[in-house]
C-alpha cells in the first residue's frame, strides 16, 4: 500500500504485475469510455472508439496519481483512491476512485468522473463500468461537451457486444446554457427515449425522439435512423419537407439518396399533392477530377387541371415535365467552362412545382468559357432566356427574349507602363436573334409614344476600344491625369423596322438605320485634376478632394438610329458623376464636350468611425448632347443629364467599427434644387445579427410611362442562434400604391 498523494506508476515500470495491469487497463478504459460516445455526436470525432483505440500507441507512457493505491488480494482488486488522475497518450481521467476487478476483468471509475480527450471533448459521468476487452460497459449520468460546444446528456449508457452503445433518456443540443439561468431550456434540443449507436453498421437509431424549441415540443418521431458521422454518404431516406399551394394542395416531399460511388450519386424524390397527384424527380450528380455536372428530370400527370385559372398554361397541360442540366469544369488554372440549361413541356412547369435550380421567373440557358490570367480577362457565352409565366402566347414574353449568339468580352491591361502611363484594351462582341420585337407604351395612354426594348430579327456588333492614362503630381500636391480613349465598332442589322419602331423615331424625325453594315468611331481626349487636402484635428483626420474633368470629342454618329440592347439602364448619381462615358453599355456612346466638377470627401473620427461624401454636377459645354437624343428606349430622358447643366448629385455615408453603417444618395433639380431621386439605407451587422432598412424615391418620369412618383421602403434581418443555424426574413412595401 502506498500512502503518498503523488505516488505514480508508469507503463512497463510498475513493480507489481497487477499494478501494471491496473495502469494499462484504466488508461485504455479512459480512452474507450471517452471516445465511444462523442463519435456519434460530432463530425470532428469521425472514428469509433475502437478505431481510435487501435490508433493509440501501446508504448505511450501513463501516469497515475492518487491519495492511495490499494491492493485487495482476497477480492482480487486493485484500487486507486482519492483525487485520482490518470494521464495516458494525451487523454486524462479524473475520479474519486478507480478499481480493477481481476476475476471479472472489469474496470470501474466512480465519483465525479471526468475524461478530457486530446481533441478537447469532455465527458462527465457519475460512474463508468467497463470490461477490459471493451465489449461491454455501463455509464451513469453521462454528460459530453465537444470542442464545438455540442452537448449530450443521458441518464445512463451501455455498451454491448463490442459494437452497440445504448443511451437512455438522452438530450442533444448545440446551444450553450444561459449563464444567469443554466436551468432554463436552451434555444433548441432533441430528446430521445433511447439512442442506439451501432458501430458495425455505422447507424444511429433514435426512439421516441422529439425536437423542442425553448423547451416546447414542436416535432415528434417514433423512430428515426440515420448514418453516424463516420459515414459521409449512405443510401437511405432523407428528411421530408412540406409544401402548400392553393392550386396544388398540401404536399409531402420525401427524398431518397442512392450512394452509387464516392464521386457520383442519384437523388430520387417523390412528392404527393392532395389536389394534383404524384410528382416524381430524379437527379444524377457526378464529380470528376476537374469539375462536376448534374442531370435532373421531373414529371407529373395533373389530376385536377381545373384548380388553375382558366386560360393559363397550367390549366391546359395535364402531362407536364422537364429535363435540366448544369456543369462547371476547370480546364487548367486559367480557363473554366460550364453550362446551364432546361427543356420543359410548357413554359411554367418548373416554377409552378418549385423544381430546385430551375424555379426562377427567368431561366438563363447558357454555355460559357472564361479565362483569367494576371490582368487578362476573357469571357464568351451563348444565352437563351425562358420566362416562366402562366399567361398564354402571344400574351407571353418568350418570343421577345433574345438568343445571344454569342456575347464575348476580352480585357487586357499591359503590365508595363507605356509612355509612363497605363494602357488597356477591350473588345466586346454580341450577336442577337429575336423572333418578336419587345415594345412597350412609354408615356401612358395620353399619347402613342412607344419604346422598343428589343428589335426583331438579327443584329451583330463588334466593338474595340483602348485607353491610356497617366497621373502627374504638380507642385502643391495637384494630381493631373491626361486620358486618351478611342473606340470603333461595326454593327450588322437584319431586322424588321415596321410598327412601333417608326412611331418612336417620329418623335425626333429620324428613321431607324437601314439593314446592312454600319461603322462608328469615337476619339476622346480628356484631363482630370484632383487636389487632395488633408485636415487633421485631435482624434480625427479629413481628406477633401476637389475634382474637375473635361472630355473633348466629336458628336456621336448614328447614335439614335441603331438598336440599343445593352445601354438601357442609365442612372445618373454620385457613383457615375466622374465616369468618362455615363451610358451603361456599348450600344450608346457619349459625344460632345463635357465637364464634370465636384468634391469628394473621406474621413476618420477616432478609431471607430469613418465617413464618405461626394457632391457635384456635370456640364454639357458644346456639340450635341447625347442624353437629349431619344433612342428606341428613350435612354437619357429624365436622367438629369438631358440639360446643358445637369442635376446635382450627392452621397453621404458613415460607418462604425461595431458594424453600424448608414448612407444616402440623392439627385436634385439643377434649377430649383427639387429632389428628383433619393436612396437611403441603414444597417447593422455583427457575428450574431444583421439588420437593414432602405428607402427609395423616384420622381415621375412620363417619358418612361411613370406619370406619378414612386416610393418604396424595405427591411431585412437575420439572427444566428447557433453555429450552423440562422433565421432570416425580409419585407418590401410600395408606399405610392
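Residue numbers (the numbering used here): 853 to 1589. Idealized CB from N, CA, C, for every residue including glycine. On a predicted model such as this, the values are computed, not experimentally measured, just so you know.
- Could you name each continuous beta strand (DSSP E) segment of 3 residues or more that falls completely within the region 1100-1128, going from the start of the chain to the end? If one requires a minimum length of 3 residues, the beta strand (DSSP E) runs lying completely within the region 1100-1128 are 1101-1113 and 1116-1125, in chain order.
- Output the boundary residues of the alpha helix (DSSP H) element that contains residue 1261. Not the alpha helix (DSSP H): residue 1261 falls in the beta strand (DSSP E), residues 1255-1265.
- Task: Give a yes or no on whether the C-beta atoms belonging to residue 1574 and residue 1091 are separated by under 8 Å.
- Result: Cβ distance not < 8 Å, so residue 1574 and residue 1091 don't count as in contact.
- Same chain, Cβ closer than 6 Å to residue 1282, five either side skipped, listed in chain order: Same-chain partners within the cutoff: 1259 and 1313.
- Message: Closer than 8 Å is the cut-off here; do at least three beta carbon pairs connect the region 1525-1544 with the region 1452-1471?
- Response: The region 1525-1544, when compared against the region 1452-1471, does not touch it at the 8 Å Cβ threshold.
- Task: Quick one: give me the first and last residue of the alpha helix (DSSP H) that residue 1166 is part of.
- Result: That run of the alpha helix (DSSP H) goes 1165-1168.
- Message: Less than 7 Å between C-beta atoms, sequence neighbours within five positions excluded: which residues of the same chain meet that for residue 983?
- Response: So the list reads 957, 958 and 989, once near-sequence residues are dropped.
- Query: Who are the near neighbours of residue 1138 in its chain, counting only those whose CB is closer than 8 Å to its CB and skipping five residues on each side?
  - Reply: Within the same chain, residue 1138 has close Cβ partners 1115, 1116, 1144, 1145 and 1146.
- Query: Taking 7 Å as the cut-off, is the CB of residue 927 close to at least one heavy atom of the ligand FAD?
  - Reply: As far as ligands go, the structure on display features none, and thus does not contain the ligand FAD.
- Message: As a quick exercise: from 1504, 933 and 929, pick the residue whose alpha carbon is nearest that of residue 918.
- Response: Minimum Cα distance to residue 918 is reached at 933.
- Item | Uninterrupted alpha helix (DSSP H) stretches inside the region 1511-1588 (no shorter than 4 residues) | Runs of the alpha helix (DSSP H) lying entirely within the region 1511-1588, each at least 4 residues long, are absent.
- Query: What residues in its chain sit with their C-beta under 6 Å from that of residue 1152, if we drop five residues either side in the sequence?
  - Reply: Cβ within range, chain order: 1131 and 1172.
- Query: Can you tell me whether DSSP reads residue 1477 as helix, strand or coil?
  - Reply: Coil.
- Query: Is the region 1378-1392 touching the region 1312-1332 in the sense that three or more CB pairs, one from each, lie closer than 8 Å?
  - Reply: Segments in contact, yes.
- Message: If we require 4 or more residues per run, which alpha helix (DSSP H) segments fall completely within the region 1441-1497?
- Response: The qualifying runs do not exist here; there are none.
- First and last residue of the uninterrupted beta strand (DSSP E) at residue 1432: First-last for residue 1432: undefined, no H or E at that position.
- Across which residues does DSSP place residue 1183 in a beta bridge pair? BP columns for residue 1183 are empty, so no partner.
- In three-state DSSP terms, what is residue 1154? Looking at residue 1154 - three-state DSSP - the assignment turns out to be coil, as it is neither helix nor strand.
- Sequence-distant residues of its chain with Cβ nearer than 7 Å to residue 1306 (five each side left out): Within the same chain, residue 1306 has close Cβ partners 1252, 1254, 1286, 1289, 1290 and 1417.
- Task: Below 8 Å on the Cβ atoms is my guess for residue 1042 versus residue 1061; work out the distance and round it to an integer in Å.
- Result: With a Cβ gap of about 6 Å, residue 1042 and residue 1061 count as contacting.
- Within 10 angstroms of the Cβ of residue 1561, are there 16 or more other Cβ atoms? Answer buried if so, exposed if not. By the neighbour-count rule (16 or more Cβ atoms within 10 Å), residue 1561 is not buried but exposed.
- Query: Between which two residues does the beta strand (DSSP E) containing residue 932 stretch?
  - Reply: Residue 932 -> beta strand (DSSP E) spans 929-940.
- Under the three-state reduction of DSSP, which class applies to residue 1159: helix, strand or coil? In this structure, DSSP gives residue 1159 a helical state, which the three-state scheme calls helix.
- Query: Roughly how many whole angstroms lie between the Cα atoms of residue 1005 and residue 947?
  - Reply: C-alpha separation (whole angstroms): 19 Å.
- Item | N-terminal and C-terminal residue of the alpha helix (DSSP H) that residue 1204 is part of | Where residue 1204 is concerned, the enclosing alpha helix (DSSP H) stretches over 1201-1204.
- Query: Do the CB positions of residue 1211 and residue 1203 come within less than 8 Å of each other?
  - Reply: Their beta carbons are under 8 Å apart, which means residue 1211 touches residue 1203 by this criterion.
- Alpha carbon of residue 1037 to alpha carbon of residue 1572, nearest angstrom: Their Cα atoms are separated by approximately 18 Å.
- Message: Could you tell me the alpha carbon to alpha carbon distance between residue 1582 and residue 1449, rounded to whole angstroms?
- Response: Within the model, the alpha-carbon separation for residue 1582 versus residue 1449 is close to 39 Å.
- Enumerate in chain order the residues of its own chain whose CB-to-CB distance from residue 1419 is below 8 Å, with the five nearest sequence positions on each side excluded. Short of 8 Å from the beta carbon of residue 1419, and not among the five residues preceding or following it, lie these beta carbons of its own chain, in chain order: 1435, 1436, 1437, 1438, 1439, 1440 and 1487.
- Straight-line gap, residue 1539 to residue 1567 (C-alpha atoms, nearest Å): When rounded, the distance between both Cα atoms is 19 Å.
- How many angstroms separate the CA atom of residue 1454 from the CA atom of residue 1520? Going from the Cα of residue 1454 to the Cα of residue 1520 covers about 22 Å.
- In its own chain, which residues sit with a C-beta less than 7 Å from the C-beta of residue 1165, not counting the 5 before and 5 after it? Only 1198, 1199, 1200, 1242 and 1244 meet the Cβ criterion.
- Item | Rounded straight-line distance, which links the Cα of residue 1087 to that of residue 1078 | Approximately 10 Å, taken between the alpha carbons.
- Other residues of its chain near residue 893: CB distance less than 8 Å, five sequence neighbours each side excluded: With a pLDDT of only 33 at residue 893, under the threshold of 50, the placement of this residue in the model should not be trusted; the figure read from the coordinates follows. Result list for residue 893: 996, 998, 1002, 1004, 1024 and 1081, in chain order.
- Message: Let me check understanding here. Comparing Cα to Cα, which of 1208, 1491, 1404 and 1459 lies closest to residue 1426?
- Response: For residue 1426, the closest alpha carbon among the candidates 1208, 1491, 1404 and 1459 is that of 1491.
- Query: What is the C-beta distance between residue 961 and residue 945, in whole angstroms, given that I count them as a contact (C-beta under 8 Å)?
  - Reply: With 8 Å as the limit, residue 961 and residue 945 qualify as a contact, their Cβ atoms being about 7 Å apart.
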